[in-house]
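K.L.:
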Amino acid sequence: MATTIHEPPQIAGRLPGEGHSGNGGGRNLVPAEGNLPAVEDHSPELAKTGVWVGLAAVTMSFAALTSALVVRQGAGLDWHHLTLPPILYPNTVVLLASSVTLEIARRRIVGHARGIESRIAVPMRWLAITLSLGLLFVAGQYMAWLRLKAEGLYLATNSNSSFFYVFTGVHALHVLGGLAGLIYVMSKLNRSILRRSTFAAAAQYWHFMGILWLYLLWVLWMNL
Amino acid sequence: MHDMTAHAAAHHAPPQGFIRKYVFSVDHKVIGIQYTALGLVSAFIGMALSWAMRIHLAWPTASIPFLGTLSPNGAPGGVPTPEYYLSLMTMHGTIMAFFLLTAAPMAGFGNFMLPIHVGAADMAFPRLNMASFWVTFVGFVLACATFFIPDGPPLSGWTAYAPLSAVGAVAGPGQGWGQNLWGLSIALFCVASLLGALNFIVTTIDLRTKGMTLSRLPLATWAWFINAWVSLLAFAVLLPTCLLLVLDRLGGTSFFIPGGLVINDKMLPHSGGSPLLFQHLFWFFGHPEVYIIILPAFGIVAHVMPTFTRKPLVGGWKVITYAMAAIGGLSFVVWGHHMFVSGMSPYMAMVFSVPTLIITIPSVIAVLVFAFSLYGANMRFTTPMLFCLGFISLFISGGIGGFFLAQPAVDSYLHATSFVVGHFHFTMGLSAVFAAFAGFYYWFPKMWGRMMNETLGKIHFWLSFVLVYCVFMTLHLMGLTGSVRRYSQFVADFMVPLTPTNRFITIAALLLGATQFIFFYNVIWSRFKGPKAADNPWQATTLEWDTTSPPPFDNFGGRQMTVYHGPMEYDGDAFVMQTSTEKSIAGT
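Heads up: the protein sequence lines correspond to chains F and P, in order.
So in this note's numbering the end of the first sequence lands on 248, straight run, no missing numbers.
So in this note's numbering the end of the second sequence lands on 628, straight run, no missing numbers.
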């Protein structure tokens, strides 16, 4: 039986460096190697785990919307061709560029934490650039909607335009959530209380938005 | 070590003031109690709605008290119109399935117990946890608000099939704002469930205390953990489905509304939508949903039973956990069995019939684990144990009906008869309720620090158990005669001879409802007058019994728990707590 434990000392927990070593939510601080007075933080990274789990749900939602699109396309006789607004392509570049600037920000933050870069303004600037690119992307999506509107394609005009607005709209909402995350990271960094896992979680989510957009663009390009 | 606990305690100082402490609390224990209370209120409302329906079915002309006041249009003189009968049914299903059965066993007991089971001070994201309760609460208020708008609640059932649910007020009373509120309510419920599931998963992964390996996780926590994954993936599908439904209703889109649909001599301006698409999306959520309801029930029974059989479950933690995980996984590939007669391709029916029969294997394994674990038990017949036994009985009785319904050929006769009503009330409704009662009687001493009255508990159990069979076994028989599910009156020739049977069911249902007042009385009396509970009144092993009753704000009074044993180390009167440093009991 797996539950059989003959001698209690044999199971004194896992090694602290192993990550999720378990501490009932308490901080898990262990002496840094070769430097007993200094400690390293091995607390579980809740935000990071949380974002991964949340992204599983986001993935599932878009999978459901995709399957709805495929079934709806096959079911109705009213499926027309729709030319995607050209602004989507430069907009894609903007979103991908924001992932790059976020990675640069990550390096600058590490540099700042290690004392290589003394001014906090440098990583802040890269975060601000990322934030601006994100906002630019949302503005670009809005331009795309205006373009469709100018062509007389509204939400209810036909099934293609319905799916276009739903896909881009739901994605844009998620991007706005990511922007809120970036603002949170910036405020934490500004007060020098940013935890590595908070940044990692926000970055993970942000990169996922880019990947998700590439997928959505592909689905829209293939089917609409 | 000291610094850490000091830090954890400082991080988690108890709040002052009534509002932060009991209303907008971030304490998982308070949130758990709030969810449990919401479940009890929902149970009462849902039960009252079922009484109205049952009285109308048995005495079609009888005036039902309060109904005429509640809805002068829907029930003139207290006699519900056929449409209002459907509204009652819709809200009975919605309130029971979502706000009682989904919320109470998972979010109620789970919120209270899961962090304690894993040895944590709170959930991973306490503020998110508070948000999930209050979002659920707003959803509940919106659902109930449908009773007080002029048209009344929607009549499309808890499954809200399109196009009836999608076309708007033209489809009948309650299909205007009633259905809008319903959609909003369920969308909020989805959001809350997603947040809750996220919290459960991260807490179980990241906040387990020292030595709390997965093999030592209490089985209820295993069930909540597996169930959180199922909820996360299923509600993530229902949420966009609600969005598309609301867009069809308010945005003029045609996701689910076919072209050329004529209602009341009026052609609707929609084209090309697929009602079947709605059923696919809904049941892709909806079938996992019934397991979302029953998995925590399995977990609670698996957690409670060993305490009173005084021996570990047959197969240890692995067999039951793997069975629950298999059920959770398979629940995503069986949704089509709700749609055998929907016009779906018969080949598809075959495709869904096979996994439906396969999912019975882990279900049967789980139930047989419970049944075989009784062999050689040193049984203590407490109220929670009786409810566990009741659960086993109900789940087996209901499950046998499942074999009939899983086969398309038999289902095309039984579909939409009261056989189905009896089946799902046994398997997911009453089984889950009995498990929740087992959990309630079992954890009440820990939650409120007082024991419940055993005599009243046993009376409550035996009356409920007998009456549940009177109601729902008889509904199976009614279904075999072909009596249709959603008819509000049984006036067709072949149904008239069934009137006495119908009255029998109604009387049993009313008595069953009355029996629950014994429970309500017991809860209130015990809460204030019950004998004080010891820390570990049941001689159980898991961490919740290793702290005071009720637990302090940080759960263990600043102690760092270290776990050395699995959760089922029982041997008659001997038992080893999970945190004990003694040797394990041989053979466990």
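For every residue, glycine included, the Cβ atom is placed at its ideal position computed from N, Cα and C.
For glycine 292 of chain P, which residues in chain F fall below 8 Å Cβ to Cβ?
P.N.:
Leu179 and Ala180, listed in chain order.
K.L.:
Under 7 Å, Cβ to Cβ, is there at least one residue of chain F near alanine 77 of chain P?
P.N.:
Chain F, which has no Cβ nearer than 7 Å to the Cβ of alanine 77 of chain P, makes this no.
K.L.:
Using CA coordinates, which residue listed in P:Phe275, P:Val511 and P:Gln529 is at the minimum distance from threonine 546 of chain P?
P.N.:
Ranking P:Phe275, P:Val511 and P:Gln529 by Cα distance to threonine 546 of chain P puts P:Val511 first.
K.L.:
Between the region 401-417 of chain P and the region 432-440 of chain P, do three or more beta carbon pairs fall short of 8 Å?
P.N.:
Contact holds: three or more Cβ-Cβ distances are below 8 Å.
K.L.:
Just checking threonine 101 of chain P against the ligand SAH - is the residue's beta carbon closer than 6 Å to any of the ligand's heavy atoms?
P.N.:
Ligands in the displayed structure: none, and consequently the ligand SAH is not present.
K.L.:
If you follow the alpha helix (DSSP H) that aspartate 246 of chain P is part of, which residue opens it and which one closes it?
P.N.:
Start and end: 217-246.
K.L.:
What's the call for serine 624 of chain P, buried or exposed, on a 16-neighbour Cβ count within 10 Å?
P.N.:
It counts as buried.
K.L.:
With 9 Å as the limit, tell me which residues of the region 245-263 of chain P have their beta carbon closer than that to any beta carbon of chain F; keep them in chain order.
P.N.:
Taking 9 Å as the Cβ-Cβ cut-off against chain F, the residues of the region 245-263 of chain P that qualify are Ile245, Asp246, Leu247, Arg248, Thr249, Lys250, Gly251, Met252, Thr253, Ser255 and Arg256.
K.L.:
Can you name, in chain order, every residue of its own chain whose Cβ lies under 6 Å from the Cβ of tyrosine 610 of chain P, other than the five neighbours on each side?
P.N.:
Result list for tyrosine 610 of chain P: Pro346, Arg350 and Lys351, in chain order.
K.L.:
What's the call for glutamine 56 of chain P, buried or exposed, on a 16-neighbour Cβ count within 10 Å?
P.N.:
By the neighbour-count rule (16 or more Cβ atoms within 10 Å), glutamine 56 of chain P is not buried but exposed.
K.L.:
Checking the sheet assignment: what are the DSSP bridge partners for aspartate 575 of chain P?
P.N.:
Its beta-bridge partners do not exist; DSSP assigns none.
K.L.:
Would you tell me roughly how many angstroms separate the C-alpha atoms of proline 203 of chain P and threonine 293 of chain P, rounded to the nearest one?
P.N.:
Whole-angstrom Cα-Cα distance: 12 Å.
K.L.:
What residue range is occupied by the uninterrupted alpha helix (DSSP H) comprising valine 158 of chain P?
P.N.:
No alpha helix (DSSP H) holds valine 158 of chain P; DSSP gives it neither H nor E.
K.L.:
Check lysine 623 of chain P in the structure and name its three-state DSSP category.
P.N.:
Here lysine 623 of chain P sits in coil by DSSP.
K.L.:
Determine, using beta carbons only, whether serine 216 of chain F comes closer than 7 Å to chain P.
P.N.:
Serine 216 of chain F does not count as touching chain P.
K.L.:
Could you tell me how far apart the beta carbons of alanine 137 of chain P and tryptophan 198 of chain P are, in whole angstroms, since I believe they sit closer than 8 Å?
P.N.:
Yes, alanine 137 of chain P and tryptophan 198 of chain P are in contact; Cβ-Cβ is about 5 Å, under 8 Å.
K.L.:
Please state if the CB of alanine 573 of chain P and the CB of glycine 489 of chain P are separated by a distance shorter than 7 Å.
P.N.:
Yes.
K.L.:
For the region 133-206 of chain F, which segments carrying the alpha helix (DSSP H) assignment without a break, of at least 4 residues, lie completely within its bounds, in sequence order?
P.N.:
Within the region 133-206 of chain F, the complete alpha helix (DSSP H) runs of at least 4 residues are 145-174.
K.L.:
Would a C-beta distance cut-off of 7 Å place isoleucine 71 of chain P and asparagine 151 of chain P closer than the cut-off?
P.N.:
Taking 7 Å as the Cβ cut-off, isoleucine 71 of chain P and asparagine 151 of chain P qualify as a contacting pair.
K.L.:
Compare the C-alpha of isoleucine 153 of chain F against each of F:Ala204, F:Ala121, F:Arg138 and F:Trp169 and name the closest.
P.N.:
Out of F:Ala204, F:Ala121, F:Arg138 and F:Trp169, F:Ala121 has the C-alpha closest to the C-alpha of isoleucine 153 of chain F.
K.L.:
Taking only three categories from DSSP, how would you classify valine 616 of chain P?
P.N.:
Residue state, collapsed to three classes: coil.
K.L.:
Where does serine 45 of chain F sit, in a helix, a strand or coil, going by DSSP?
P.N.:
Note that serine 45 of chain F scores a pLDDT of 43, beneath 50, so its modelled location is shaky; the value from the coordinates is reported in the next line. If DSSP states are grouped into helix, strand and coil, serine 45 of chain F belongs with coil.
K.L.:
Between P:Ala342, P:Pro336, P:Leu301 and P:Glu584, which has its C-alpha nearest phenylalanine 412 of chain P's C-alpha?
P.N.:
Nearest of P:Ala342, P:Pro336, P:Leu301 and P:Glu584 to phenylalanine 412 of chain P, Cα basis: P:Ala342.
K.L.:
Quick check on valine 524 of chain P: does DSSP put it in helix, strand or coil?
P.N.:
Strand.
K.L.:
Which residue's Cα is closest to the Cα of lysine 569 of chain P: P:Asp575, P:Asn576 and P:Tyr561?
P.N.:
That would be P:Tyr561, whose Cα lies nearest to the Cα of lysine 569 of chain P.
K.L.:
I'd like to know whether the C-beta of serine 314 of chain P is nearer than 7 Å to at least one C-beta of chain F.
P.N.:
So yes, serine 314 of chain P belongs to the interface.
K.L.:
Have a look at the DSSP bridge pairing and note the partners of lysine 250 of chain P.
P.N.:
Answer is P:Thr602.
K.L.:
For the alpha helix (DSSP H) holding tyrosine 201 of chain P, just list the boundary residues, first then last.
P.N.:
That residue, tyrosine 201 of chain P, is in no alpha helix (DSSP H); it is neither H nor E in DSSP.
K.L.:
For lysine 306 of chain P, name the three-state secondary structure that DSSP assigns.
P.N.:
Three-state result, lysine 306 of chain P: strand.
K.L.:
Looking at the C-beta of serine 142 of chain F, does it have a partner C-beta in chain P at a distance below 7 Å?
P.N.:
It does not: the Cβ of serine 142 of chain F has no partner Cβ on chain P nearer than 7 Å.
K.L.:
Return helix, strand or coil for tyrosine 610 of chain P, following the three-state DSSP convention.
P.N.:
If DSSP states are grouped into helix, strand and coil, tyrosine 610 of chain P belongs with the strands.
K.L.:
Can you give the Cα-Cα distance for serine 205 of chain P and valine 302 of chain P, rounded to whole angstroms?
P.N.:
So the alpha carbons of these two residues sit roughly 15 Å apart.
K.L.:
To be precise: take each residue of the region 222-246 of chain P, compare its Cβ to all Cβ atoms of chain F, and keep it if any distance is under 7 Å. Which residues remain?
P.N.:
Going along the region 222-246 of chain P in chain order, one finds Leu234, Leu238, Ile241, Val242, Ile245 and Asp246 with a Cβ nearer than 7 Å to chain F.
K.L.:
Could you name the residues of chain P that leucine 240 of chain F contacts, counting a contact when the two beta carbons are closer than 7 Å?
P.N.:
What leucine 240 of chain F touches in chain P: nothing, since even the nearest Cβ is about 13 Å away.
K.L.:
Distance cutoff 7 Å, beta carbons only. Does threonine 73 of chain F sit that close to anything in chain P?
P.N.:
It does: the Cβ of threonine 73 of chain F has a partner Cβ on chain P nearer than 7 Å.
K.L.:
Spatial neighbours of phenylalanine 505 of chain P within its chain, please: CB distance less than 6 Å, with the 5 preceding and 5 following residues excluded, ordered by chain position.
P.N.:
Correct list, in chain order: Gly430.
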